[in-house]
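Numbering (the numbering used here), first residue to last: 1 to 58.
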(Lines of atoms letter the chains of each structure in order from A and count residues from 1; the text may use other names and numbers.)
(Lines give C-alpha, C1' and ligand atoms only; values in the text may rest on other atoms or scores of the structure.)
Protein backbone atom coordinates (compact mmCIF):
# COMPACT_ATOMS: atom_id res chain seq x y z
CA UNK A 1 0.00 0.00 0.00
CA UNK A 2 1.21 3.49 -0.74
CA UNK A 3 1.92 5.62 2.30
CA UNK A 4 1.11 9.30 1.67
CA UNK A 5 3.63 10.54 4.24
CA UNK A 6 6.24 7.79 3.99
CA UNK A 7 9.98 8.18 3.50
CA UNK A 8 9.55 7.67 -0.27
CA UNK A 9 7.57 10.08 -2.41
CA UNK A 10 4.24 8.92 -3.75
CA UNK A 11 5.66 9.11 -7.27
CA UNK A 12 8.52 6.76 -6.33
CA UNK A 13 6.18 4.37 -4.52
CA UNK A 14 3.97 4.19 -7.62
CA UNK A 15 7.03 3.49 -9.76
CA UNK A 16 8.17 0.68 -7.47
CA UNK A 17 4.69 -0.86 -7.55
CA UNK A 18 4.45 -0.40 -11.32
CA UNK A 19 1.26 1.56 -10.70
CA UNK A 20 0.17 4.53 -12.78
CA UNK A 21 -0.24 7.63 -10.64
CA UNK A 22 -3.63 8.24 -12.26
CA UNK A 23 -4.71 4.85 -10.90
CA UNK A 24 -3.52 5.85 -7.43
CA UNK A 25 -5.43 9.14 -7.52
CA UNK A 26 -8.56 7.72 -9.21
CA UNK A 27 -11.79 8.25 -7.28
CA UNK A 28 -14.82 6.46 -8.74
CA UNK A 29 -17.95 8.52 -9.21
CA UNK A 30 -21.02 7.33 -7.29
CA UNK A 31 -23.67 5.61 -9.38
CA UNK A 32 -27.20 6.85 -9.11
CA UNK A 33 -29.36 3.74 -9.04
CA UNK A 34 -32.46 5.85 -9.54
CA UNK A 35 -31.10 6.87 -12.96
CA UNK A 36 -30.33 3.25 -13.82
CA UNK A 37 -33.83 2.19 -12.76
CA UNK A 38 -35.33 4.89 -14.96
CA UNK A 39 -33.30 3.70 -17.96
CA UNK A 40 -34.37 0.11 -17.32
CA UNK A 41 -38.04 1.08 -17.01
CA UNK A 42 -37.86 3.00 -20.29
CA UNK A 43 -36.30 0.00 -22.02
CA UNK A 44 -39.05 -2.26 -20.67
CA UNK A 45 -41.74 0.18 -21.83
CA UNK A 46 -40.23 0.34 -25.32
CA UNK A 47 -40.12 -3.44 -25.56
CA UNK A 48 -43.71 -3.76 -24.35
CA UNK A 49 -44.90 -1.24 -26.91
CA UNK A 50 -43.12 -3.18 -29.67
CA UNK A 51 -44.50 -6.58 -28.63
CA UNK A 52 -47.53 -6.22 -26.33
CA UNK A 53 -48.59 -9.83 -26.95
CA UNK A 54 -45.57 -11.26 -25.12
CA UNK A 55 -46.28 -12.34 -21.56
CA UNK A 56 -49.99 -12.84 -22.04
CA UNK A 57 -52.00 -15.95 -22.79
CA UNK A 58 -54.71 -16.01 -25.34
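Backbone N, C-alpha and C define an ideal beta-carbon position, used for all residues, glycine too.
Start-to-end residues for the alpha helix (DSSP H) that takes in residue i
i          : result
residue 22 : 21–25
residue 12 : 10–16
residue 33 : 33–50
Alpha carbon of residue i to alpha carbon of residue j, nearest angstrom
i          : j          : result
residue 48 : residue 39 : 14 angstroms
residue 2  : residue 26 : 14 angstroms
residue 12 : residue 35 : 40 angstroms
residue 7  : residue 22 : 21 angstroms
residue 28 : residue 57 : 46 angstroms
residue 10 : residue 4  : 6 angstroms
residue 52 : residue 45 : 10 angstroms
residue 18 : residue 37 : 38 angstroms
residue 50 : residue 43 : 11 angstroms
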